[in-house]
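For the record, the sequence lines run as chains P and Y. Sequential numbering of the first sequence, starting at 55, is according to my numbering. Sequential numbering of the second sequence, starting at 49, is according to my numbering.
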Amino acid sequence: MTVLAVRQDGPGTTTVPGPRRRLLGLVIALVVLVVLLVLSVMIGSTSIPPSVVWDALVHSSTGIDQVAVQDYRLPRTIVGLVVGVALGLSGALIQALTRNPLADPGILGVHAGASFAVTVAVGLLGVSDVQGYMWFAFAGALVVTLMVLALGSTRQGSSPVVMVLAGVCVGAVLGGAREALQLTDPDAFDAMRSWNAGSIGGRPLEVVWPILPFLAVALVLAFVVAGPLNAMALGDELAVSHGVSLARTRVLAIIALTLLAGGATAIAGPIAFVGLMVPHVARWIAGPHQRWIFAYSVLLAPGLLLVSDILGRVVLRPGEIPVGVVTAFVGAPVLIALVRRKKASGL
Amino acid sequence: MTTPTRLQVESATIGYDKRVISRDLSVAIPDESFTVIVGPNACGKSTLLRGLSRLLRPSAGQVVLDGADINSFRTKEVARRVGLLPQTSIAPDGITVADLVARGRYPYHGFMRQWTADDERAVRNAMDAAAVTGLSSRLVDELSGGQRQRVWVAMALAQHTDILLLDEPTTFLDITHQIELLELFTDLNQAGRTLVAVLHDLNHAARFGTHLIAMKDGRIVAEGTPEKIVTAELVEEVFGLRCLVVADPVAGTPHVVPLGRDRSR
Chain P
55 MTVLAVRQDG PGTTTVPGPR RRLLGLVIAL VVLVVLLVLS VMIGSTSIPP
105 SVVWDALVHS STGIDQVAVQ DYRLPRTIVG LVVGVALGLS GALIQALTRN
155 PLADPGILGV HAGASFAVTV AVGLLGVSDV QGYMWFAFAG ALVVTLMVLA
205 LGSTRQGSSP VVMVLAGVCV GAVLGGAREA LQLTDPDAFD AMRSWNAGSI
255 GGRPLEVVWP ILPFLAVALV LAFVVAGPLN AMALGDELAV SHGVSLARTR
305 VLAIIALTLL AGGATAIAGP IAFVGLMVPH VARWIAGPHQ RWIFAYSVLL
355 APGLLLVSDI LGRVVLRPGE IPVGVVTAFV GAPVLIALVR RKKASGL
Chain Y
49 MTTPTRLQVE SATIGYDKRV ISRDLSVAIP DESFTVIVGP NACGKSTLLR
99 GLSRLLRPSA GQVVLDGADI NSFRTKEVAR RVGLLPQTSI APDGITVADL
149 VARGRYPYHG FMRQWTADDE RAVRNAMDAA AVTGLSSRLV DELSGGQRQR
199 VWVAMALAQH TDILLLDEPT TFLDITHQIE LLELFTDLNQ AGRTLVAVLH
249 DLNHAARFGT HLIAMKDGRI VAEGTPEKIV TAELVEEVFG LRCLVVADPV
299 AGTPHVVPLG RDRSR
């Protein structure tokens, strides 16, 4: 509830993250994100002096280092920002919706759907570049999520538990089918390898622009359902007695999180842990208020993604580790530390 | 019967999916009463409360609020007139008492509407009424069962409805906290609120309720003041329990004393 931020005194000011501390934290998170965006452009597998980086950003020079910055590091940073925002927010949405702190967009079959569609595109239709198969990934994510939603809806309305189980089942079936397809023609799927591991490198910005409108719609939807999700956090019965339409809220939240997770997966491939972990950090800082959790997730997730990506670029220089591999290594210890530290990151 | 009523059930069939609990049920909640619904387990008393609170939609007939079908109102409009304290609610981890009570203001907020002085006043009054003001900055997880239930009551009060439905509000509390809570309900009732509670304890119902509804197998067996309807015959009919009804030595209300197995007189 943003409304709480307006309260300056009275019972609203508490020992647990008060509105002011929450706002201050948000500003700090924003500053950190900006710093990381700068670092992401400055640091790479080859060393390029800051002056050259600056030169490349403001002029369109043609030196080899300048081109590296313009065509490689800058797009990569922007991709990281967009994908991070989408993953963080989709994770916060699914956890709020299912009231399950271990939920992640993957459990609704988003990753499985995207991977399967990409496999079909690459293996059977001969699509070979990212711009080609990202639409398959997006469509696959949307279709499979809708399927899971349909399977998870009983006559009495949709229940998060049934939905999650349906997601796991559909995911397993599609995962098996995908593996079978890939075994038939290993060479054709080499191109998919970096997509499958989850990477934000090597994607031209043309991959990002078409996805942006979807993400913008989802962002607005997320903040619209934040209030009703706050009410639903108190239990379905209380939410109904407060005037929340459960069905409408669930549908809008699922549309938003599917667009977000599907879009991110289409661009970068399946990246684990960001959507799972970031909302925990957000709740730990912001307390149980969905708008704040969403806002923090939006700022913290790209931060985590960029840190992981920068690490992936420098630890094996001149080689690189895909960001999807690093996020697991960075994310897991942090998540364990957080859940052991305080119950407050639960739901 | 011409008692004024804002909330009533008109020949409604209420149940879950295909399982009908109550068929052709009609009952009115007298305004400004503390109505208590009593009956054995699975008699349909919680179902009736869920019907009144719009959690269950009748498959036939209707629930009427202020002269119109309750389902014809906008959901938030209903939420400004009828509040509910469900049997089980979830307090999000890490939420403070003040923040939880403030959630009761949800029906008054749109997407853009900000927190106002009205909201602030409603929250403060609700916390005063439920005597939880001293706890306002505490975490709900850290409170005792009795304190926590008062906080939920405060949240329901912050919703500022004339009618408040309470689903087994005293369950899981020790006797002191049960009585404390029931006295709070009596205060709220005397301040002009209409309360409808499902209670398990017949003696509590008779002592604190001003109007009782006795149910069995989804039907209403009797309704009226405790003095009028709580008789040994009714208790035996509704609960299948042989008992003696005496006057409560303190309040003078009917008090049920079970005869038990070996004391048939």
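We put the CB at the ideal spot given by N, CA and C, even for glycine.
- Item | Proximal residues to Pro306(Y) (C-beta, below 7 Å), its chain only, five neighbours per side dropped | Leu289, Cys291
- Item | chain P contacts made by the region 135–150 of chain Y, where a contact means CB separation under 7 Å | Here the close residues are Thr136, Ser137, Ile138, Pro140, Asp141, Gly142, Ile143, Thr144, Ala146, Asp147, Ala150.
- Nearest-angstrom Cα distance between Ala166(P) and Ala220(P)? About 12 Å.
- Task: Measure the Cβ-Cβ separation of Leu314(P) and Ala168(P) and say whether it is below 7 Å.
- Result: no
- Expressed to the nearest angstrom, what Euclidean distance is found between the alpha-carbon atoms of Asn237(Y) and Gly357(P)? 54 Å
- Query: Residues in its own chain within less than 6 Å of Ala328(Y) by CB, not counting five upstream and five downstream?
  - Reply: Residue 328(Y) lies beyond the stretch modelled for chain Y, which goes from 49 to 313, so this question has no answer here.
- Item | Proximal residues of chain P, C-beta to C-beta of Ser101(Y) below 7 Å | The contacting residues are Ser295.
- Which word fits Ser120(Y), buried or exposed, when buried means at least 16 other C-beta atoms lie within 10 angstroms of its C-beta? exposed
- Quick one: using the 10 Å Cβ neighbour count with 16 as the cut-off for buried, is Lys276(Y) buried or exposed? Classification for Lys276(Y): exposed.
- Give the straight-line distance between the Cα atoms of Gly160(P) and Glu216(Y), rounded to the nearest whole angstrom. Taking the straight line from one Cα to the other gives about 39 Å.
- Through-space distance from Gly240(Y) to Pro155(Y), alpha-carbon basis: 21 Å
- Message: Which of the three DSSP states is assigned to Cys91(Y) in this structure?
- Response: coil
- Query: With contact counted as at least three CB pairs below 8 Å, one residue from each stretch, are the region 134–150 of chain P and the region 196–206 of chain P in contact?
  - Reply: Under the three-pair Cβ rule at 8 Å, the region 134–150 of chain P does not count as touching the region 196–206 of chain P.
- Could you tell me whether the Cβ atoms of Gly297(P) and Thr181(Y) are closer together than 7 Å? Not closer than 7 Å, so no.
- Item | Closest residue to Asn251(Y) among Leu104(Y), Ala178(Y), Thr301(Y) (Cα-Cα distance) | Thr301(Y)
- Item | In DSSP terms, what Ala116(Y) is bridged to | Answer is Leu113(Y), bridged to Ala116(Y).
- Query: Can you tell me whether Leu78(P) is buried or exposed, with buried defined as 16 or more other CB within 10 angstroms of its CB?
  - Reply: Burial call: exposed.
- Item | Residue-level contact to chain Y via CB, Leu292(P), 7 Å cutoff | yes
- Using a Cβ-Cβ cut-off of 7 Å, state whether Leu300(P) counts as contacting chain Y. no
- Query: Rounded to a whole number of angstroms, what is the C-alpha to C-alpha distance between Val137(P) and Val271(P)?
  - Reply: About 15 Å.
- Give a yes or no on whether the minimum CB-CB distance between Leu132(Y) and chain P is below 7 Å. yes
- Message: Is there a Cβ of chain Y sitting closer than 7 Å to that of Pro342(P), yes or no?
- Response: yes
- Quick one: Cα of Leu178(P) to Cα of Met201(P), how far? 22 Å
- Message: Within the continuous alpha helix (DSSP H) that includes Pro73(P), where are the two ends?
- Response: 73–96
- Item | C-beta atoms of Arg102(Y) and Ile118(Y) nearer than 7 Å | yes
- Task: Using only alpha-carbon positions, find the residue among Phe192(P), Pro324(P), Ile97(P) that is nearest to Val369(P).
- Result: Just measuring C-alpha positions, the residue of Phe192(P), Pro324(P), Ile97(P) sitting nearest Val369(P) is Ile97(P).
- Inter-residue spacing [alpha-carbon to alpha-carbon] between Val84(Y) and Ala326(P): 53 Å
- DSSP state of Gln149(P) mapped onto helix, strand, coil: helix
- Item | Collapsed DSSP secondary structure at Met55(P) in the structure displayed | Caution applies to Met55(P), whose pLDDT of 37 falls short of 50 and renders its modelled position unreliable; the value that the coordinates give is listed next. Looking at Met55(P) - three-state DSSP - the assignment turns out to be coil, as it is neither helix nor strand.
- Message: Considering only the alpha carbon of each residue, which of Glu284(Y), Arg267(Y), Gly308(Y) lies closest to Val68(Y)?
- Response: Arg267(Y)
- Query: Taking the Cβ atom as the reference point for each residue, do Val133(P) and Ile265(P) lie within a distance shorter than 7 Å?
  - Reply: With contacts defined by Cβ atoms closer than 7 Å, Val133(P) and Ile265(P) do not form a contacting pair.
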